[in-house]
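Here's the structure, in structure tokens; my notes come after.
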Amino acid sequence: MSEFNPLNRRLFLKSTVASAAIAASADALDTKIVVHSVYQATGLRIGEVTPTSAIVWTRLTKNSERNNDGVVFTKRGKSKEALKTPAEEIEGACPGQPGKIRLLYAISPKEEVVLETEWVNVDEESDFIHQFHLKDLKPGTPYSVICQTSVEGEVHEGARVGKFRTAPRPDEVKPVQFCVMTCQGYPDRDHPDGHPIYPAMTAKNPDFISLTGDLIYYDNDAPSAMTVDLARLHWQRMFSLPRLVDTLSLTSAYWLKDDHDTLDNDSWPGQKYGEVTFEEGQKIFRQQAPLGSDSYRTFRWGKDLQIWLTDGRDFRSPNKMPDGPEKTIWGAEQKAWFKRTVKESDAAWKILISPTPLVGPDRKGKNDNHANEGFAHEGNEIRQWLKQNVPENFFVVCGDRHWQYYSVDPETGVNEISVGAASNSHAGGTPGRNPKIHRFHKVQGGFLNVVVDAKPDESEITFQLCDVDGNVAFEQRFQQSRA
1417 MSEFNPLNRR LFLKSTVASA AIAASADALD TKIVVHSVYQ ATGLRIGEVT PTSAIVWTRL
1477 TKNSERNNDG VVFTKRGKSK EALKTPAEEI EGACPGQPGK IRLLYAISPK EEVVLETEWV
1537 NVDEESDFIH QFHLKDLKPG TPYSVICQTS VEGEVHEGAR VGKFRTAPRP DEVKPVQFCV
1597 MTCQGYPDRD HPDGHPIYPA MTAKNPDFIS LTGDLIYYDN DAPSAMTVDL ARLHWQRMFS
1657 LPRLVDTLSL TSAYWLKDDH DTLDNDSWPG QKYGEVTFEE GQKIFRQQAP LGSDSYRTFR
1717 WGKDLQIWLT DGRDFRSPNK MPDGPEKTIW GAEQKAWFKR TVKESDAAWK ILISPTPLVG
1777 PDRKGKNDNH ANEGFAHEGN EIRQWLKQNV PENFFVVCGD RHWQYYSVDP ETGVNEISVG
1837 AASNSHAGGT PGRNPKIHRF HKVQGGFLNV VVDAKPDESE ITFQLCDVDG NVAFEQRFQQ
1897 SRA
């Protein structure tokens, strides 16, 4: 890393003006976006933020915009026509391009000391992607970033711009706000520019967002991802939608995968979907999401909040395996890590963000999560452990289910909030309200907004289940004294 030269400093200041314009339009829930520069049609993604580090995801593309006029497929399954059609000719495609990428970043809004990375070559082997691992950042500090591109020795004048905030120090009393979403179908986005939840989440001005699995549907959205090229197409067309590009450039995110964005429905290691293996699905997800080395991890946001992100695919037993002590979703190592780190934490509020439910209840016919009979042994084990080892400051936030609920397990008292699908047209599938478990239940799309209000003498956390436009449908608040 090195400091800017004066020319790059002027470019940085000019580019961050564009970033401010994006934020202003998003706050107003305007569907129009600022016109970005060429060669980065899939935007920036900022992830794994800690007090001193972050990962910035970049990708070099052949064109300035997605292919909005490409071939549209409506039939799922193994389509011969889809297999014969080059992926870049399909609607939403953003073919990559070899070249070089460099990142410039500085504390915002002063931009007094601006740093730059070295130029990095990208090519087809990495899907033209590079993830910059930024270190030695300042805790609790806003940063601006711009990504420059170079093709055939020419540096483009424009640059993709973004911003994020690092987490406060673990001993610092600071308020925190974040959003959680899941389950976004491409044909069910309810707006040509992308799902309404994205500008609605941006309007909340969150410190971060958690994207909790089923971010694309290899098997349910046409054309089915029966090849690696088609799998990558799913990522290109979803995350080049203007609303998604804008939101993900304005804050950091923590990414989790589930079945549909790893391979196909209820999948586990060793399976295959068309020509795509489970291992290839794992590799593609790690390319497309800004991730570190671990699929399960924990992050601290100041004195009051710690989150845990678990992986429910990499270590799971086959769903058809008989239930018992050996059948697992988390695996022994992840489970031991979870128990150890939760007990070690002194955070005021502890939240598990899980791709799948732990409490539910789920609908009949499902058999691949801890709320189902298929994994009842491990589900009971985890819930009982939480009852015995964690006070009333622990919550589960889950994805996967297409309806919103707030449940309290009658036996253990474990609290679980389901964030619901990303759009109204994708909502549904509930078994109905269970008065013995549900404190809230509604079939609608939306997201979860969580607000931690840290005060000198007490801490408060508020869970808000919001509809797709950001209106609060349900709110639950908890408080605790620091004495």
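Residue numbers (the working numbering): 1417 to 1899.
C-beta: ideal position from N, C-alpha, C; glycine also.
Other residues of its chain near residue i: CB distance less than 7 Å, five sequence neighbours each side excluded
i       : result
Phe1701 : Lys1673, Asp1677 and Thr1678
Gly1886 : Ala1616, Ala1619 and Lys1620
Trp1651 : Ile1632 and Gln1704
Ala1638 : Phe1489, Thr1490, Lys1491 and Arg1492
Arg1713 : Leu1725
Arg1779 : Gly1845, Thr1846 and Pro1847
Ile1798 : Leu1774 and His1786
Nearest-angstrom Cα separation, counted from residue j out to residue i
i       : j       : result
Leu1864 : Glu1891 : 10 Å
Leu1646 : Val1692 : 10 Å
Asn1729 : Glu1695 : Reading off the sequence shown, one finds Arg at residue 1729, where the question assumed Asn. Whole-angstrom Cα-Cα distance: 11 Å.
Trp1819 : Trp1535 : 45 Å
Lys1759 : Tyr1559 : 33 Å
Thr1468 : Lys1719 : 16 Å
Gly1781 : Lys1688 : 22 Å
Pro1685 : Pro1734 : 8 Å
Glu1507 : Gln1722 : 40 Å
Ile1613 : Arg1659 : 9 Å
Ala1870 : Gly1795 : 32 Å
Asn1681 : Arg1732 : 14 Å
Arg1475 : Phe1544 : 6 Å
Asp1446 : Ala1748 : Reliability fails at Asp1446, whose pLDDT of 37 lies under 50, so the model's placement of it is uncertain and the value that follows must be treated cautiously. Between Asp1446 and Ala1748, the C-alpha separation is close to 47 Å.
Tyr1634 : Tyr1602 : 10 Å
Asn1587 : Gln1600 : Sequence inspection shows Asp at residue 1587; the Asn mentioned does not correspond to that position. Cα to Cα, Asp1587 sits roughly 36 Å from Gln1600.
Glu1497 : Val1867 : 48 Å
Cys1563 : Phe1856 : 43 Å
Where the beta strand (DSSP E) through residue i begins and ends
i       : result
Phe1622 : What sits at residue 1622 in the sequence shown is Pro, not Phe. Here Pro1622 belongs to no beta strand (DSSP E), and DSSP marks it neither H nor E.
Ile1769 : Trp1765 to Ser1770
Val1577 : Arg1576 to Arg1581
Trp1370 : There is no way to answer for residue 1370, as the model of the chain reaches only from 1417 to 1899.
Leu1725 : Leu1721 to Leu1725
His1818 : From DSSP, His1818 is part of no beta strand (DSSP E); its letter is neither H nor E.
Ile1523 : Gly1515 to Ile1523
His1611 : Careful: His1611 lies outside any beta strand (DSSP E) and carries neither H nor E.
Val1536 : Val1536 to Val1538
Glu1532 : Val1530 to Glu1532
Val1561 : Pro1558 to Val1567
Cys1595 : Val1592 to Met1597
Run of the alpha helix (DSSP H) containing residue i, from where it starts to where it stops
i       : result
Arg1648 : Val1644 to Met1654
Val1661 : Pro1658 to Leu1666
Phe1694 : Phe1694 to Gln1704
Glu1497 : Lys1496 to Lys1500
Same chain only: Cβ atoms within 6 Å of residue i, ignoring 5 sequence neighbours per side
i       : result
Ile1471 : Gly1463, Glu1464, Gln1547, His1549 and Pro1706
Gly1690 : Met1642
Trp1717 : Ala1583 and Val1592
Gln1880 : Asn1865, Val1888 and Glu1891
Ser1656 : Ala1457, Thr1458, Arg1482 and Cys1510
Ala1899 : none
Ser1495 : Pro1639
Own chain residues within Cβ distance below 8 Å of residue i, not counting five before or after
i       : result
His1777 : At residue 1777 the sequence reads Pro, which differs from the His that was named. Answer for Pro1777: Ala1787, Ser1823, Pro1847, Asn1850 and Ile1853, listed in chain order.
Trp1801 : Lys1755
Ser1683 : Asp1675, Tyr1689, Phe1694, Gly1697 and Arg1729
His1793 : Asp1739, Gly1740, Pro1741 and Lys1743
Val1835 : Val1596, Met1597, Thr1598, Thr1628, Val1813, Cys1814, Gly1815, Gln1820, Gly1862, Phe1863, Leu1864 and Leu1881
Thr1663 : Ala1442, Tyr1614, Pro1615, Met1617, Thr1618 and Ile1625
Asp1727 : Leu1672, Lys1673, Ser1711, Tyr1712, Trp1746, Gln1750 and Pro1771
For residue i: DSSP bridge partner residues
i       : result
Arg1893 : Thr1878
Ala1870 : Ser1875
Thr1474 : His1546
Trp1746 : In DSSP, Trp1746 forms no bridge with anything.
Phe1811 : Ile1767 and Asn1831
Ala1669 : Gly1463 and Ile1625
Ile1506 : Val1487
Tyr1634 : Bridge partners of Tyr1634: none, in fact.
Residue i beta carbon near the ligand GDP (any heavy atom closer than 7 Å)
i       : result
Asp1762 : With respect to the ligand GDP, the structure offers nothing, as it holds no ligand at all.
Cβ neighbour criterion (16 or more within 10 Å) applied to residue i
i       : result
Gly1610 : buried
Pro1584 : buried
Val1488 : exposed
Gln1804 : exposed
Val1529 : exposed
Ser1897 : exposed
Pro1773 : buried
Gln1895 : exposed
Glu1742 : exposed
Gly1829 : exposed
Ala1752 : exposed
Lys1554 : exposed
Closer than 8 Å to chain D by CB, residue i
i       : result
Asn1785 : Structure shown: chain D not included; a single protein chain is present.
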